[in-house]
Every structure is written in C-alpha cells, then in structure tokens.
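Numbering (the working numbering), first residue to last: 407 to 549. Even glycine gets a Cβ: it sits at the ideal position worked out from N, Cα and C. This structure is a prediction, so every number in the text was calculated from the model and none was measured. Below: the structure, in structure tokens.
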C-alpha cells in the first residue's frame with residue numbers, strides 16, 4: 407500500500423480531494439486534517455469556511471491556520487473502544503513524547519466529530535465550541 411498522502415495548506419485552501427468524514431451543526435462538513443500545536447502533531451478536523459484545523463488538546467479545542475489535509479487515501483472508519491487500536495489504524499500524528507495519535511470520530515450531541523485517538527488515555531478526543539470532549543466508544547480510521 408502506498409503511504410497516506412498529506413497536503414500542506416493554510417486558511418480556506420482545502421483541496422477538492424480532501425476526505426469528508428465529519429459533520430456538525432446540521433450540514434457543516436469536516437475533513438480529515440492534522441496540525442502542529444505545542445510540539446505535538448495532532449489529528450483534527452478542518453472546516454473550509456473557517457479556514458483552520460481544529461485540534462483537541464488539554465481540555466480545549468484549538469485552531470491552527472497552517473495545517474495538512476489527508477487526500478486520496480482509501481481508508482475507512484471502524485468501530486472500536488478504549489485503547490483497542492487496530493494494527494492497520496493510520497498513525498496520523500504524535501505527542502511531544504513520541505506517542506502515536508490516530509484519526510478518530512465520535513458522536514457528540516447528534517454530530518459526528520473528527521479528532522484524535524490517544525491510546526494511553528483509552529479515549530477519542532474531539533473539539534466542539536472551544537472545549538475538548540472525550541469518548542471511550544468511537545470510530546478509528548484504518549488504511
């Protein structure tokens with residue numbers, strides 16, 4: 407399998423081959439992204455109209471205007487819980503201490519939000535309206 411493709415971009419320059427995978431506030435779409443925040447490469451959610459990648463970190467949702475978007479990668483989401491990371495889960499980032507982070511999505515108030523799966527925390531973290539929310543039941547992106 408070829409390596410996953412990440413496209414570096416900024417602002418609302420989201421490529422047309424980005425992967426829509428999340429939905430919030432009714433009809434707004436999130437695409438899979440990642441961004442550097444405080445020496446951590448964190449998987450998160452890109453919203454083109456906002457022009458940022460939202461990443462969940464230390465209880466809050468932060469936004470970063472320079473980010474990468476996952477493109478042309480034929481993966482899928484599978485259900486999992488806690489620290490059950492499938493061997494084919496896509497490693498999409500890491501903490502400053504070197505722990506792998508994965509792409510996940512979790513249900514929150516009727517929405518499907520993208521975020522990061524943190525194995526040692528046994529949780530998928532997603533951000534919404536400035537706050538980080540954790541879920542032990544979530545979907546993880548495999549490739």
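| If you draw a straight line from the alpha carbon of residue 418 to that of residue 482, how long is it in whole angstroms? | Position 12 of the chain shown, counted from the first residue, corresponds to residue 418. Position 76 of the chain shown, counted from the first residue, corresponds to residue 482. Approximately 25 Å, taken between the alpha carbons.
| Where does residue 523 land, buried or exposed, given buried means 16+ other C-beta within 10 angstroms? | If you number the chain shown from 1, residue 523 lands on position 117. The residue in question, residue 523, is buried, as its Cβ has 16 or more Cβ neighbours within 10 Å.
| request: Quick one: grab the DSSP three-state call for residue 480. | output: Taking the chain shown and counting its residues from 1, the one referred to as residue 480 is at position 74. Assignment of residue 480 by DSSP, reduced to helix, strand and coil, places it in the coil class.
| task | Tell me where the beta strand (DSSP E) around residue 499 begins and ends. | result | Within the chain shown, numbered from 1, the residue matching residue 499 stands at position 93. Under the DSSP assignment, residue 499 falls in the beta strand (DSSP E) whose first and last residues are 497-500.
| Assumed close pair residue 440, residue 473 - CB separation to whole angstroms, cut-off 8 Å | Residue 440 sits at position 34 when you count from the first residue of the chain shown. Residue 473 sits at position 67 when you count from the first residue of the chain shown. With 8 Å as the limit, residue 440 and residue 473 qualify as a contact, their Cβ atoms being about 7 Å apart.
| message | As a quick exercise: from 442, 465, 431, pick the residue whose alpha carbon is nearest that of residue 516. | response | Counting from 1 along the chain shown, the entry for residue 516 is found at position 110. When each option's Cα is compared against that of residue 516, the closest is 431.
| So what does DSSP say about residue 444, is it helix, strand or coil? | By 1-based counting over the chain shown, the position of residue 444 is 38. Assigned with DSSP and collapsed to three states, residue 444 falls in coil, not helix or strand.
| task | State the Cα-Cα distance for the pair residue 520 and residue 428, rounded to the nearest angstrom. | result | Numbered from 1 along the chain shown, position 114 holds the residue referred to as residue 520. Numbered from 1 along the chain shown, position 22 holds the residue referred to as residue 428. Cα-Cα distance, rounded: 6 Å.
| query | Who pairs with residue 468 in a beta bridge, going by DSSP? | reply | Here residue 468 corresponds to residue number 62 of the chain shown, with the count starting at 1. Paired residue(s): 461.
| said: For a test of the three-state rule: what should DSSP assign to residue 525, helix, strand or coil? | reply: Sequence index remark: in the chain shown, residue 525 carries index 119 (1-based). Helix, per DSSP.
| query | Helix, strand or coil for residue 486 per DSSP? | reply | The residue labelled residue 486 in the question sits at position 80 within the chain shown. Residue 486 falls in the strand class under three-state DSSP.
| query | Is the beta carbon of residue 470 less than 8 Å from the beta carbon of residue 461? | reply | As a first step, residue 470 is located in the chain shown; it is residue number 64 there, counting from the start. As a first step, residue 461 is located in the chain shown; it is residue number 55 there, counting from the start. Annotated as proximal: residue 470 and residue 461, with beta-carbon spacing under 8 Å.
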